[in-house]
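Undergrad:
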Amino acid sequence: MKVLAINSSARVEGQSKTELMLNHLVKGMRYAGADVELINLREKKIKNCIGCFSCMTKTPGKCVLKDDMTEELFPKWLDSELTIYATPLFHHTVNATMKCFIERTFPVCEPFLLKQGERWVHPFRSRHPDSVVLSVCGFPEMSAFGALSHYVKFLFDQEQKGRLWAEIYRPAAEYMLETLYEKEDILEATVEAGRELVETHAISPKTLFRIEQPLMDNFSDFANIANCMWKTCIKEGITRKKFTAEGMMPRPDSIETYMHIMSIGFNPEGAGDTKAIIQNDFTDKVEGSCHFIISDGTILAIAGKSENPDLVIKSSFDVWIDIVTGKTDGTKMILKGKYQIEGNTNLIFDLPKLFERKK
0 MKVLAINSSA RVEGQSKTEL MLNHLVKGMR YAGADVELIN LREKKIKNCI GCFSCMTKTP
60 GKCVLKDDMT EELFPKWLDS ELTIYATPLF HHTVNATMKC FIERTFPVCE PFLLKQGERW
120 VHPFRSRHPD SVVLSVCGFP EMSAFGALSH YVKFLFDQEQ KGRLWAEIYR PAAEYMLETL
180 YEKEDILEAT VEAGRELVET HAISPKTLFR IEQPLMDNFS DFANIANCMW KTCIKEGITR
240 KKFTAEGMMP RPDSIETYMH IMSIGFNPEG AGDTKAIIQN DFTDKVEGSC HFIISDGTIL
300 AIAGKSENPD LVIKSSFDVW IDIVTGKTDG TKMILKGKYQ IEGNTNLIFD LPKLFERKK
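Sequence positions in the sequence shown follow numbering that gives the first Met the number 0 and run 0 to 358.
1) Are the stretch 59-79 and the stretch 37-45 in contact at 8 angstroms, needing three or more beta carbon pairs?
2) Which word fits Cys51, buried or exposed, when buried means at least 16 other C-beta atoms lie within 10 angstroms of its C-beta?
3) Tell me whether Arg250 is buried or exposed, calling it buried when 16 or more other Cβ atoms sit within 10 Å of its Cβ.
4) Quick check on Asn226: does DSSP put it in helix, strand or coil?
5) For Thr282, name the three-state secondary structure that DSSP assigns.
6) By Cβ distance, which residues of its chain are closer than 7 angstroms to Ser203, with the 5 residues on each side in sequence left out?
7) Run the CB neighbour count on Trp319, radius 10 Å, all protein chains shown included, and call it buried at 16 or more, exposed below.
8) How many angstroms separate the CA atom of Lys182 from the CA atom of Cys54?
9) Would you please state the rounded distance, in angstroms, between the beta carbons of Val93 and Thr86? I believe it to be under 8 angstroms.
10) Just the Cα atoms here: how many angstroms apart are Leu310 and Phe316?
11) Can we say the stretch 20-28 touches the stretch 238-247, given the rule of at least three CB pairs closer than 8 angstroms?
12) Taking its Cβ as the centre, do 16 or more other Cβ atoms sit within 10 Å of Pro59, making it buried, or is it exposed?
13) Any idea if Val2 is buried or exposed, counting beta-carbon neighbours within 10 angstroms, 16 or more meaning buried?
14) Who are the Cβ neighbours of Pro106 in its own chain at under 7 angstroms, not counting the five residues just before and after it?
15) Say whether the stretch 286-303 touches the stretch 217-231, bearing in mind that this needs 3 or more beta-carbon pairs closer than 8 angstroms, one atom from each stretch.
16) Count the other CB atoms within 10 Å of the CB of Asn6; is the residue buried (16 or more) or exposed (fewer)?
17) Just list the beta strand (DSSP E) runs in the stretch 108-194, keeping only unbroken ones of 3 residues or longer that don't cross its boundaries, in chain order.
18) Would you give the residue range spanned by the beta strand (DSSP E) that Asn39 belongs to?
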């Protein structure tokens, strides 16, 4: 089987979840014996269709625009048995790069009008490859792909255009990278989907469910953290890419988000056999308390005070957040009297290993 896999994501350096999913799908197809060529459209020069119709009359079957689409990609597309269209979800459909690629396949059409069922179409001068569509998005619900699914079914799932073999959609793709078991299961299922496509020209419901599996019961917690991340980027005047590259931490804006972010940043390996209850008492603009129960490599964040904390950290909210986000030095702040600690003071020195994020 000859397969052309098209990736329209512009992201590089491991940032693209579209590319991550596509690479695993392609891996499975190759395991099953398919001849797969993967094309990153970000590396190609493709001009917009200008609607001149020269490909229908003056140069039948060939676009007059001189670029990578005419000279390389369109011939490869025609020669493939199956084309995979992998795109990030932009405004609930394909991104502009993929839309441009799809529009530039127009030379496969003849100019004549043919009624097919309830639709009028252009007949093809040669075979149209079968299709698989893959997309990812940050929103948590599958309904985010509704407009895209309607579009690709209308575009590809018709007798004249061969067959739409499968639609593969991964919601909450950003959060997927924060998971452990779920991420690996999703990617393993995507490899399996590649095998199934080669062997059966379809994906089993079981495999598709693993790919699309829900990752959380309450998306609000993740949304709050994401919103803190965006606020941090805006305040610092940096891009999300730089935020990630520098290992920055979202700046919490409430005790609730502080609890969520610290829980996500907890390092079980660094904690080892530590058993402790660490409490924060906040004053000033944000008032209140919370505590973290650390035991057996796990952490539990609870609002309010503990009856028996091992360490109590008393500070203004802003001062402590400056410390945990690396904006200021904790040792200097305690020497200046900006915060106080009570109880097992040695635990304060364990905080970096307890909450050291893995790169």
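Even for Gly, the Cβ is constructed at its ideal location relative to N, Cα and C.
TA: In terms of the structure at hand:
1) yes
2) Residue mapping note: residue 51 aligns to position 52 of the sequence shown, counting from 1. Exposed is the call here.
3) Your numbering for residue 250 matches position 251 in the sequence shown. Arg250 should be labelled buried.
4) Looking up residue 226 in the sequence shown gives position 227. Residue state, collapsed to three classes: helix.
5) Indexing the sequence shown from 1 puts residue 282 at position 283. The answer is strand: DSSP assigns Thr282 an E or B state.
6) Your numbering for residue 203 matches position 204 in the sequence shown. The answer, listed in chain order, is Glu195.
7) Along the sequence shown, read from residue 1 onward, the residue named residue 319 stands at position 320. Trp319 is buried by the Cβ-count criterion.
8) Locating residue 182 in the sequence shown gives position 183, where the first residue counts as 1. Locating residue 54 in the sequence shown gives position 55, where the first residue counts as 1. Computed Cα separation, rounded: 45 angstroms.
9) As a working note, residue 93 is residue 94 in the sequence shown. As a working note, residue 86 is residue 87 in the sequence shown. Correct: roughly 4 angstroms between the Cβ atoms.
10) Here residue 310 corresponds to residue number 311 of the sequence shown, with the count starting at 1. Here residue 316 corresponds to residue number 317 of the sequence shown, with the count starting at 1. Looking at the two C-alpha atoms, the distance is approximately 17 angstroms.
11) no
12) By one-based count along the sequence shown, residue 59 stands at place 60. Under this definition Pro59 is an exposed residue.
13) For the purposes of this step, residue 2 is identified with residue 3 of the sequence shown, where counting begins at 1. By the 10 Å Cβ count, Val2 comes out buried.
14) For this step, residue 106 is matched to residue 107 along the sequence shown. Answer for Pro106: Cys54, Gly60, Lys61, Cys62 and Phe73, listed in chain order.
15) no
16) Along the sequence shown, one-based indexing puts residue 6 at 7. Buried, by the Cβ-count rule.
17) 113-115, 118-120, 129-135 and 163-169
18) Against the sequence shown, residue 39 aligns to sequence position 40. Start and end: Asp34 to Asn39.
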